[in-house]
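Note sheet for the following structure.
Number of protein chains: 2
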Amino acid sequence: MTANKHALSVTRTEDFAAWYQAVIAEADMAEESGVRGCMVIRPWGYGIWERMQRLLDDAIKATGHENCYFPLFIPLSYFEKEAEHVEGFAKEMAVVTHHRLKSEGGKLVVDPEAKLEEPLVVRPTSETVIGAAFSRWVQSWRDLPVLINQWANVVRWEMRTRMFLRTAEFLWQEGHTAHASEAEAREHTLRMLEVYRRFAEDCVAMPVIAGEKPENERFPGAVATYSIEAMMQDGKALQAGTSHFLGTTFAEAQNIRFQNKEGELELAQTTSWGVSTRMIGGLIMTHGDDDGLRVPPRVAPWQVVIVPMLRDTDEDAAVLDYCRALAAELQGQSALGEPVRALLDARPAKAANKRWAWVKKGAPIIVEVGPRDMAGGNVSVIRRDRLYQDNGKLASTIQPRAEFVAAVGTLLAEIQSGLFTEAKARLDANIRRGVTEFAELERFFETGGQFPGWVEVEWSRPTGAELEAVDQRLKALKLTLRNVPQDAAPATGTCVFIGRPAVERVLVGRSY
Amino acid sequence: MTANKHALSVTRTEDFAAWYQAVIAEADMAEESGVRGCMVIRPWGYGIWERMQRLLDDAIKATGHENCYFPLFIPLSYFEKEAEHVEGFAKEMAVVTHHRLKSEGGKLVVDPEAKLEEPLVVRPTSETVIGAAFSRWVQSWRDLPVLINQWANVVRWEMRTRMFLRTAEFLWQEGHTAHASEAEAREHTLRMLEVYRRFAEDCVAMPVIAGEKPENERFPGAVATYSIEAMMQDGKALQAGTSHFLGTTFAEAQNIRFQNKEGELELAQTTSWGVSTRMIGGLIMTHGDDDGLRVPPRVAPWQVVIVPMLRDTDEDAAVLDYCRALAAELQGQSALGEPVRALLDARPAKAANKRWAWVKKGAPIIVEVGPRDMAGGNVSVIRRDRLYQDNGKLASTIQPRAEFVAAVGTLLAEIQSGLFTEAKARLDANIRRGVTEFAELERFFETGGQFPGWVEVEWSRPTGAELEAVDQRLKALKLTLRNVPQDAAPATGTCVFIGRPAVERVLVGRSY
Numbered sequence: 008m009t010a011n012k013h014a015l016s017v018t019r020t021e022d023f024a025a026w027y028q029a030v031i032a033e034a035d036m037a038e039e040s041g042v043r044g045c046m047v048i049r050p051w052g053y054g055i056w057e058r059m060q061r062l063l064d065d066a067i068k069a070t071g072h073e074n075c076y077f078p079l080f081i082p083l084s085y086f087e088k089e090a091e092h093v094e095g096f097a098k099e100m101a102v103v104t105h106h107r108l109k110s111e112g113g114k115l116v117v118d119p120e121a122k123l124e125e126p127l128v129v130r131p132t133s134e135t136v137i138g139a140a141f142s143r144w145v146q147s148w149r150d151l152p153v154l155i156n157q158w159a160n161v162v163r164w165e166m167r168t169r170m171f172l173r174t175a176e177f178l179w180q181e182g183h184t185a186h187a188s189e190a191e192a193r194e195h196t197l198r199m200l201e202v203y204r205r206f207a208e209d210c211v212a213m214p215v216i217a218g219e220k221p222e223n224e225r226f227p228g229a230v231a232t233y234s235i236e237a238m239m240q241d242g243k244a245l246q247a248g249t250s251h252f253l254g255t256t257f258a259e260a261q262n263i264r265f266q267n268k269e270g271e272l273e274l275a276q277t278t279s280w281g282v283s284t285r286m287i288g289g290l291i292m293t294h295g296d297d298d299g300l301r302v303p304p305r306v307a308p309w310q311v312v313i314v315p316m317l318r319d320t321d322e323d324a325a326v327l328d329y330c331r332a333l334a335a336e337l338q339g340q341s342a343l344g345e346p347v348r349a350l351l352d353a354r355p356a357k358a359a360n361k362r363w364a365w366v367k368k369g370a371p372i373i374v375e376v377g378p379r380d381m382a383g384g385n386v387s388v389i390r391r392d393r394l395y396q397d398n399g400k401l402a403s404t405i406q407p408r409a410e411f412v413a414a415v416g417t418l419l420a421e422i423q424s425g426l427f428t429e430a431k432a433r434l435d436a437n438i439r440r441g442v443t444e445f446a447e448l449e450r451f452f453e454t455g456g457q458f459p460g461w462v463e464v465e466w467s468r469p470t471g472a473e474l475e476a477v478d479q480r481l482k483a484l485k486l487t488l489r490n491v492p493q494d495a496a497p498a499t500g501t502c503v504f505i506g507r508p509a510v511e512r513v514l515v516g517r518s519y
Numbered sequence: 008m009t010a011n012k013h014a015l016s017v018t019r020t021e022d023f024a025a026w027y028q029a030v031i032a033e034a035d036m037a038e039e040s041g042v043r044g045c046m047v048i049r050p051w052g053y054g055i056w057e058r059m060q061r062l063l064d065d066a067i068k069a070t071g072h073e074n075c076y077f078p079l080f081i082p083l084s085y086f087e088k089e090a091e092h093v094e095g096f097a098k099e100m101a102v103v104t105h106h107r108l109k110s111e112g113g114k115l116v117v118d119p120e121a122k123l124e125e126p127l128v129v130r131p132t133s134e135t136v137i138g139a140a141f142s143r144w145v146q147s148w149r150d151l152p153v154l155i156n157q158w159a160n161v162v163r164w165e166m167r168t169r170m171f172l173r174t175a176e177f178l179w180q181e182g183h184t185a186h187a188s189e190a191e192a193r194e195h196t197l198r199m200l201e202v203y204r205r206f207a208e209d210c211v212a213m214p215v216i217a218g219e220k221p222e223n224e225r226f227p228g229a230v231a232t233y234s235i236e237a238m239m240q241d242g243k244a245l246q247a248g249t250s251h252f253l254g255t256t257f258a259e260a261q262n263i264r265f266q267n268k269e270g271e272l273e274l275a276q277t278t279s280w281g282v283s284t285r286m287i288g289g290l291i292m293t294h295g296d297d298d299g300l301r302v303p304p305r306v307a308p309w310q311v312v313i314v315p316m317l318r319d320t321d322e323d324a325a326v327l328d329y330c331r332a333l334a335a336e337l338q339g340q341s342a343l344g345e346p347v348r349a350l351l352d353a354r355p356a357k358a359a360n361k362r363w364a365w366v367k368k369g370a371p372i373i374v375e376v377g378p379r380d381m382a383g384g385n386v387s388v389i390r391r392d393r394l395y396q397d398n399g400k401l402a403s404t405i406q407p408r409a410e411f412v413a414a415v416g417t418l419l420a421e422i423q424s425g426l427f428t429e430a431k432a433r434l435d436a437n438i439r440r441g442v443t444e445f446a447e448l449e450r451f452f453e454t455g456g457q458f459p460g461w462v463e464v465e466w467s468r469p470t471g472a473e474l475e476a477v478d479q480r481l482k483a484l485k486l487t488l489r490n491v492p493q494d495a496a497p498a499t500g501t502c503v504f505i506g507r508p509a510v511e512r513v514l515v516g517r518s519y
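Chains A and B are the protein sequences, given in the same order. Just so you know, this note's numbering puts 183 at position 176 of the first sequence, and the rest follows in order with no gaps. Just so you know, this note's numbering puts 103 at position 96 of the second sequence, and the rest follows in order with no gaps.
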């Protein structure tokens with residue numbers, strides 16, 4: 008297999024959407040379940056999620072949060088308390104109306120006699136039910152802050168679904184906090200945004216732009232919504248995590264009040280923030296190539312996969328022993344602060360098939376061991392991030408086993424940082440700055456090639472109807488406002504949308 | 008506080024059910040959510056679940072399983088395929104019938120136009136939807152065995168609920184496997200039963216009896232169901248985990264067929280097995296005492312809690328520094344194969360209140376540090392498993408800090424094994440053997456005191472209507488058949504229920 012003939016049947020430039028589906032299928036990450044809008048997450052996809060969970064959970068706990076679990080079902084009436092919130096979600100919720108089935112003429116039907124008095128909504132997010140708990144838990148300033156998180160499934164009835172990016176049911180963590188002061192709650196909102204930025208960049212090797220969403224893109228009921236936005240290889244933006252300052256919106260709706268130090272009753276200030284299995288979609292579209300997925304070592308279920316080259320001869324047992332010893336040696340090493348995750352793939356299949364299966368899955372390092380490697384005390388090493396030589400041939404290097412084992416931690420760290428550097432260079436190269444006219448922005452997306460990237464423009468931060476008009480103009484071009492980057496240069500010119508002095512910079516792009 | 012005045016408002020002997028609820032409330036483990044049958048699991052309860060998950064997940068992975076995730080919703084028609092299975096669950100399932108709400112006269116209502124074509128059942132268990140996936144994954148003998156597991160929430164519409172023991176929604180793991188031969192599947196069913204037995208005994212310090220459930224207690228659709236049964240302090244049995252050999256029941260219903268080595272199409276043999284948050288209920292009723300919970304160190308979120316005795320003086324800062332250093336030293340130690348989990352509780356509350364809060368939560372070791380301890384380079388150590396001296400006073404021992412730190416691993420291991428030994432002695436003492444007449448069995452439960460325990464009797468393993476009759480006789484006494492212990496002595500006498508030669512022994516008791 009050479010560089011112009013890749014492991015996937017479709018390349019990114021041929022059809023990015025089809026390529027995305029091909030990666031998921033060929034890497035055995037997930038599949039359609041037969042249940043509308045719901046996917047089955049297979050072991051390799053779920054293994055990546057488990058790694059993400061472990062690393063993000065550690066970071067969430069390190070910032071003082073504890074995990075809890077709240078009910079899947081939320082009574083309809085809870086949503087009525089917060090009008091703006093329900094408006095944002097009301098159109099797409101799964102509703103449980105009955106609690107029993109019965110047999111009728113040999114068929115199963117819903118038992119009409121088992122109708123619930125109050126319908127239950129399958130949680131689309133848990134602000135309402137967690138707010139109700141907070142109102143029980145918070146009495147005094149001494150009870151604040153409340154810092155909690157839950158890992159859960161949520162359901163939003165989506166009409167058009169795409170695996171990992173938009174599914175009816177998805178997995179996520181949702182953090183919820185209550186604070187005594189607005190300043191503290193706002194600071195916490197930004198602290199969690201920073202936790203997400205670091206997680207995305209340091210663990211998923213996915214560079215992001217952290218910033219505030221414009222008013223029209225706020226979470227229903229939020230006073231301010233922040234996001235991390237990642238650029239996919241097709242130039243589109245993926246909102247990969249959000250952090251919301253909710254002010255007293257939910258505290259009022261759910262009656263979260265505390266006695267302050269002066270003995271007065273005050274409303275708590277709340278925040279919420281979430282990251283979901285969507286992050287796996289981001290990983291695929293950040294690191295995948297035409298041979299499949301490339302998983303950054305920190306989130307790879309297996310970092311090193313050993314493929315024995317068996318020939319149905321007497322030597323096989325010795326090769327397997329050699330591989331087992333190698334796996335144990337690797338597991339004794341550490342990389343990126345954790346023990347190396349090494350797997351011996353001893354399944355009954357051809358070595359070449361196994362190699363390509365792991366290439367498509369994106370294991371960071373594949374080690375092949377045949378009788379000749381064994382005899383020389385060597386291993387043949389394939390780096391997934393540098394799969395081909397300049398001549399288009401597969402790059403496999405023979406190394407002394409001890410040398411490979413001793414350096415594996417360094418190599419994995421190098422692969423991790425190399426994937427980030429590559430993605431960061433692409434992000435930086437594909438944000439166009441200095442666009443001062445709307446026509447120029449329009450032209451950029453018309454003539455910017457197959458994958459045009461984003462434009463950062465100066466704007467006057469319009470609100471209400473003015474913002475709505477901007478949004479409509481952009482929507483006509485299939486564009487959206489992404490966020491106002493935290494670390495953008497100050498505005499010095501004129502708003503690109505409205506001829507007023509600009510106050511800040513905002514990113515514009517196509518998005519998922 | 009002395010031995011006859013305990014931290015809870017109700018003792019086990021006064022009212023065991025009220026005591027159970029009091030432990031959960033006073034230890035901040037969980038609370039009613041306001042959503043019918045669903046609880047909120049609070050940080051201390053969820054932290055114990057996270058520890059259980061981590062340990063059991065490791066054991067499940069060590070036996071070759073990988074984690075996946077399957078849809079929450081199961082189309083109604085999936086249940087029709089397996090008649091016996093649906094019969095067992097049909098009466099108690101949450102059904103999603105609509106996918107949208109709408110506003111009507113200022114109120115939220117279910118939008119009648121958004122009715123689903125096919126109702127979706129919220130999974131009560133996932134055999135049907137996982138079986139459908141297996142039928143896609145399994146083509147050849149080379150694809151077998153399939154060994155997977157998922158951690159998920161499930162819903163069974165229970166009329167009478169009790170926190171952790173029986174809730175409408177609960178959390179669990181469900182393992183599902185497919186095998187090429189019946190022998191292999193049966194062996195795997197027992198392997199997972201053994202994983203559960205070890206988990207319960209080694210991690211939760213909860214002794215159990217592993218054995219086969221009688222036919223009438225089988226999982227719907229199973230060929231054989233095995234359980235681990237634990238004895239609660241009120242003598243009742245808690246089924247704490249089950250493992251099912253499903254034969255070809257689900258393979259037939261879901262069409263899981265493979266080409267065997269001879270090229271013939273064969274049905275796969277499947278198994279399933281689960282452990283749930285019910286295990287937390289078991290932990291409470293195994294180890295709790297009249298001062299609250301006692302958590303075995305292996306599943307304790309915090310194993311050592313440090314409570315500084317602050318007096319609002321200049322010395323406070325030094326005491327806190329001393330405590331911080333102590334926490335770091337403890338975290339550097341290892342206990343039961345893991346780093347020690349030590350917490351410094353520096354919240355603004357009275358030291359005595361914090362002490363009793365941790366006593367009620369059941370942290371294995373509470374260390375108090377006041378100025379005098381600090382001056383002497385000491386710590387004051389309270390063991391939750393030996394809270395009182397013989398004279399009824401609280402047992403707190405002053406120890407040199409370095410000595411305590413060096414021995415903390417040993418101490419935690421001793422507490423872990425001590426809790427198991429105590430519970431095992433109670434289990435052994437409360438299984439009555441040698442009962443040969445039904446009247447004697449009846450008398451045992453009538454006169455066996457407040458918490459009578461179980462009876463192990465010889466029986467003839469009746470089936471069908473005969474078994475039904477036995478079951479009815481027992482139910483009249485509020486008794487059930489628990490299981491046929493794997494390691495019971497062989498039967499030598501006559502069936503206690505039916506005057507036939509006995510073939511094995513079975514446990515009888517009250518149960519949760």
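Glycine included, C-beta positions come from ideal geometry on N, C-alpha and C.
Check: With DSSP run on the structure shown, which of helix, strand or coil describes B:F252?
Finding: If DSSP states are grouped into helix, strand and coil, B:F252 belongs with the strands.
Checklist line | Same chain, Cβ closer than 6 angstroms to A:I235, five either side skipped, listed in chain order | finding: Correct list, in chain order: Y203, R204, A207, V215, A217, A247, G248.
Item checked: Neighbourhood of B:V17 by C-beta distance below 7 angstroms, restricted to the same chain and skipping five residues each side -> Close CB contacts of B:V17 within its chain, under the 7 angstroms cut and outside five residues either way in sequence, are with A25, W26, A29 (chain order).
Margin query: Between B:M286 and chain E, is any beta-carbon pair separated by less than 8 angstroms?
Written below: In the structure shown, chain E does not exist; the protein chains are A and B.
Note to self: So, at 8 angstroms on beta carbons, what are the nonlocal neighbours of A:V314 in its own chain, with the 5 sequence-adjacent residues on each side left out?
What the structure shows: Within the same chain, A:V314 has close Cβ partners D352, A358, K361, R362, W365, I373, V374, E375, V376.
Notebook entry, point to check: Counting along the chain, where does the alpha helix (DSSP H) carrying A:W158 start and finish?
Noted result: The continuous stretches of alpha helix (DSSP H) do not include A:W158, which lies in the beta strand (DSSP E) extending over residues 153-162.
Notebook entry, point to check: Who are the near neighbours of A:L15 in its chain, counting only those whose CB is closer than 8 angstroms to its CB and skipping five residues on each side?
Noted result: Closer than 8 angstroms at the Cβ level, and outside the excluded window around A:L15, lie W26, A29, V30, E33, D297, D298, G299, K367.
Check: Within 10 angstroms of its Cβ, does A:R517 collect 16 or more other Cβ (buried), or is it exposed?
Finding: Burial check for A:R517: the Cβ neighbour count within 10 Å reaches 16 or more, so the residue is buried.
Checklist line | Opposing strand residues paired with A:D296 [DSSP bridges] | finding: Beta-bridge pairing by DSSP links A:D296 to A:G299.
Notebook entry, point to check: Which residues in chain B sit within 8 angstroms of A:V129, going by Cβ to Cβ distance?
Noted result: Simply L79, V103, V129.
Next item on the list: Round the Cβ separation of A:V306 and A:M46 to the nearest angstrom and send it over; I've been treating them as touching at under 8 angstroms.
Entry: 19 angstroms between Cβ atoms; not a contact.
Notebook entry, point to check: Along the chain, which unbroken stretches of the alpha helix (DSSP H) at least 4 residues long are found entirely within the stretch 177-244 of chain A?
Noted result: Listed in chain order, the complete alpha helix (DSSP H) runs (minimum 4 residues) inside the stretch 177-244 of chain A are 189-205.
Check: Mind checking A:T104: buried by the 16 CB within 10 Å criterion, or exposed?
Finding: A:T104 should be labelled buried.
Check: Which stretch, first to last residue, makes up the beta strand (DSSP E) that contains B:A37?
Finding: For B:A37, the enclosing beta strand (DSSP E) has its first and last residue at 37-39.
Note to self: Strictly below 7 angstroms CB to CB, what residues from chain A border B:I291?
What the structure shows: Neighbours of B:I291 on chain A: none; closest Cβ ~17 angstroms, over 7 angstroms.
Next item on the list: Go ahead and label B:V503 buried or exposed: buried means 16 or more other beta carbons lie within 10 angstroms of its beta carbon, across all protein chains shown.
Entry: Result: buried.
Next item on the list: In the DSSP assignment, find the unbroken beta strand (DSSP E) run with B:I389 in it and report its ends.
Entry: From DSSP, the beta strand (DSSP E) with B:I389 extends over 385-390.
Note to self: Quick check on this structure: which residue in A:T499, A:E453, A:K485 has the alpha carbon closest to the alpha carbon of A:V464?
What the structure shows: With distances taken between CA atoms, A:V464 lies nearest to A:T499 out of A:T499, A:E453, A:K485.
Check: Taking 8 angstroms as the CB-CB cut-off, is A:M59 touching chain B?
Finding: Interface criterion not met: the Cβ of A:M59 is under 8 angstroms from no Cβ in chain B.
Notebook entry, point to check: So, does the CB of B:W280 fall closer than 8 angstroms to a CB anywhere in chain A?
Noted result: So no, B:W280 is outside the interface.
Item checked: chain A contacts made by the stretch 149-162 of chain B, where a contact means CB separation under 9 angstroms -> Here the close residues are R149, I155, Q157, A159, N160, V162.
Check: Taking Cβ-Cβ distances shorter than 7 angstroms, what residues in chain A pair up with B:I4?
Finding: Lying outside 8 to 519, the shown extent of chain B, residue 4 of chain B is not represented and no answer is given.
Note to self: Please report the straight-line C-alpha distance between B:T20 and B:F458, rounded to a whole angstrom.
What the structure shows: Each residue's alpha carbon lies about 9 angstroms from the other.
Check: CA-CA distance, B:A80 and B:E91?
Finding: Per the sequence presented here, residue 80 of chain B reads as Phe, with Ala not at that position. For B:F80 and B:E91, the gap between their C-alpha atoms comes out near 20 angstroms.
Notebook entry, point to check: Is it buried or exposed for A:G506, if we count other Cβ within 10 angstroms and need 16 for buried?
Noted result: Burial state of A:G506 is exposed, judged by a 10 Å Cβ sphere holding fewer than 16 other Cβ atoms.
Next item on the list: Output yes if chain B places a C-beta closer than 8 angstroms to the C-beta of A:W179; else output no.
Entry: Judged by the 8 angstroms Cβ criterion, A:W179 is not in contact with chain B.
Next item on the list: Note down, one range per segment and in chain order, each alpha helix (DSSP H) of at least 4 residues found wholly within the stretch 410-489 of chain B.
Entry: If we require 4 residues or more, the alpha helix (DSSP H) runs fully inside the stretch 410-489 of chain B come out as 445-454, 471-483.
Notebook entry, point to check: Between which two residues does the alpha helix (DSSP H) containing A:I405 stretch?
Noted result: A:I405 -> not in any alpha helix (DSSP H); beta strand (DSSP E) instead, spanning 403-407.
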